[in-house]
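Q: Quick one: the structure is below, questions incoming.
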Amino acid sequence: MSSEPARDRPAPRAAILVREYGRARTGAPAVNARYNRAMSMLKLVLPGVAAVLIAVVAAWPLFSPRTTGLPINMANVTQEELDSLKMINPRYVGVDGRNQPFSITATSATQIDAKGGVVALDEPKADITLENGTWVALTAMSGTFSQKDQIIQLSESVHLFHDAGYEFKTNAAFIDLAAGTAHGAEAVEGQGPLGALAAQGFRVLDKGQRVIFTGKAKLTIVPKTSPFARKTGPK
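Structure representation (structure tokens):
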């Protein structure tokens, strides 16, 4: 029995993202190797467009009986277009290094670095369920996602929600999906069961169990009134 030598490659920091939207079409000739790598990286699946294209190809002989073939002019596809592939309503689903499930959605995603597996996201949203069962969600106006490093960078109107009742907003956040951490160096403010808080930055550590607010911080505590508290005042 013979065995092939294993390829040398680093172990992935997170499981491979899966795609939810059907199967990609096969059989179409690739423009070049760069195009194939980019398509594979983006996990681009547009079943609606594929269905329309298939219908057009199938109906073509009915409208042009004398046509013996369907010419395709691949020269119209420029290198710039190949380097900036874009998909609408993408959804990435996977697990991080601690087997915690997460998902990333956006209104659109545009490839900006084919080798590094980096895409620019419009209106991204990241959801992750931590090992203890708690749920954390982040939304923003824009951001980037590195599929290779499992890192998300969010900017502009970043909101963080925690199912324990906390909500924070800032202008920038850096999320490491593989490590299960997040941090930001922009001013942050928010509220929760204990009251309201404002600080110059934040860090999420210990798988979401600990949140540290950095810089000058101000905490306004809203005490809870006990139903058994004694009433005081003039009798």
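Positions 211 to 445 (our numbering) are the ones given, in order, by the sequence shown. The beta-carbon is built from N, C-alpha and C at its ideal position, and this holds for glycine as well. Given the structure is predicted, the values throughout are model-derived calculations rather than measurements.
1. Can you have a look at Ile422 and say buried or exposed, based on whether 16 or more other CB atoms are within 10 angstroms of its CB?
2. With DSSP collapsed to three states, give me the class of Asp306.
3. Using DSSP bridges, identify the partner residues of Val398.
4. What would DSSP say about Asp373, mapped onto helix, strand or coil?
5. Helix, strand or coil for Asp359 per DSSP?
6. From Gly327, Asp323, Pro311, Ala330, pick the residue whose C-alpha is nearest to that of Val346; which is it?
7. Relative to the ligand SAH, is the shortest distance from any of its heavy atoms to the C-beta of Ala427 smaller than 6 Å?
8. For the candidate residues Gln401, Leu404, Glu396, whose alpha-carbon lies nearest to that of Phe412?
9. How long is the line joining the alpha carbons of Thr354 and Val328, rounded to whole angstroms?
10. Beta-carbon within less than 7 Å of Glu333's beta-carbon, same chain only, minus the 5 sequence neighbours each way: which residues are those?
11. With a Cβ-Cβ cutoff of 7 Å, do Gly405 and Val368 count as a contact?
12. Is Lys358 closer than 7 Å to Thr349 when the C-beta atoms are compared?
13. Kindly list the residues whose CB is nearer than 6 Å to the CB of His372, restricted to its own chain and excluding five residues on each side of it in sequence; keep chain order.
14. Distance, Cα to Cα, Thr430 vs Leu407?
15. Just to check my reading of the structure: Thr391 and Leu415 have Cβ atoms closer than 8 Å, yes? What is that Cβ distance to the nearest angstrom?
16. Using CA atoms only, rank isn't needed, just tell me which of Gly326, Leu331, Lys428 is closest to Thr320.
17. To the nearest angstrom, report how far apart Ala269 and Asn299 are at their CA atoms.
18. Can you name the start and end residues of the beta strand (DSSP E) that Pro311 belongs to?
19. Alpha carbon to alpha carbon, how far is Lys426 from Gly400?
20. Can you give me the Cβ contacts of Ala265 inside the same chain, cut-off strictly under 7 Å, excluding the 5 residues immediately before and after it?
A: Taking the definition as stated:
1. For this step, residue 422 is matched to residue 212 along the sequence shown. By the neighbour-count rule (16 or more Cβ atoms within 10 Å), Ile422 is not buried but exposed.
2. One-based indexing of the sequence shown puts residue 306 at position 96. Coil, per DSSP.
3. Translated into the one-based positions of the sequence shown, residue 398 becomes position 188. In the DSSP output, where bridge partners are listed per residue, Val398 has Ala409.
4. Translated into positions along the sequence shown, residue 373 becomes position 163. The answer is coil: DSSP assigns Asp373 none of H, G, I, E or B.
5. Counting from 1 along the sequence shown, the entry for residue 359 is found at position 149. Note: Asp359 maps to coil in three-state DSSP.
6. Residue numbering aside, residue 346 sits at position 136 when the sequence shown is read from its first letter. It is Pro311 whose Cα lies nearest to the Cα of Val346.
7. The ligand SAH is not part of the structure shown, which contains no ligands of any sort.
8. If you number the sequence shown from 1, residue 412 lands on position 202. The residue with the shortest Cα to Cα distance from Phe412 is Glu396.
9. Taking the sequence shown and counting its residues from 1, the one referred to as residue 354 is at position 144. Taking the sequence shown and counting its residues from 1, the one referred to as residue 328 is at position 118. Taking the straight line joining both Cα atoms gives about 7 Å.
10. Here residue 333 is taken as the residue at index 123 of the sequence shown, counted from 1. Answer for Glu333: Ala316, Thr317, Met351, listed in chain order.
11. Looking up residue 405 in the sequence shown gives position 195. Looking up residue 368 in the sequence shown gives position 158. Against a cut-off of 7 Å, the Cβ pair of Val368 and Gly405 comes out as no contact.
12. To locate residue 349, count along the sequence shown from 1; it is residue 139. To locate residue 358, count along the sequence shown from 1; it is residue 148. Against a cut-off of 7 Å, the Cβ pair of Lys358 and Thr349 comes out as no contact.
13. The residue you call residue 372 lines up with position 162 of the sequence shown. Closer than 6 Å at the Cβ level, and outside the excluded window around His372, lie Val346.
14. Residue numbering aside, residue 430 sits at position 220 when the sequence shown is read from its first letter. Residue numbering aside, residue 407 sits at position 197 when the sequence shown is read from its first letter. Going by the C-alpha atoms only, they are around 6 Å apart.
15. Counted from its first residue, the sequence shown places residue 391 at position 181. Counted from its first residue, the sequence shown places residue 415 at position 205. 6 Å between Cβ atoms; contact.
16. The residue given as residue 320 occupies position 110 in the sequence shown. Selected option, being the one with the closest Cα: Leu331.
17. Along the sequence shown, read from residue 1 onward, the residue named residue 269 stands at position 59. Along the sequence shown, read from residue 1 onward, the residue named residue 299 stands at position 89. The predicted position of Ala269 is uncertain, since its pLDDT is 34 and thus under 50; a value taken from the coordinates is nonetheless stated next. Their Cα atoms are separated by approximately 29 Å.
18. Numbered from its first residue, the sequence shown carries residue 311 at position 101. Counting along the chain, the beta strand (DSSP E) containing Pro311 begins and ends at 311 to 315.
19. The residue labelled residue 426 in the question sits at position 216 within the sequence shown. The residue labelled residue 400 in the question sits at position 190 within the sequence shown. Going by the C-alpha atoms only, they are around 14 Å apart.
20. Taking the first residue of the sequence shown as position 1, residue 265 is located at position 55. Bear in mind that a pLDDT of 36 at Ala265, under 50, signals an unreliable position, so the model cannot answer this.
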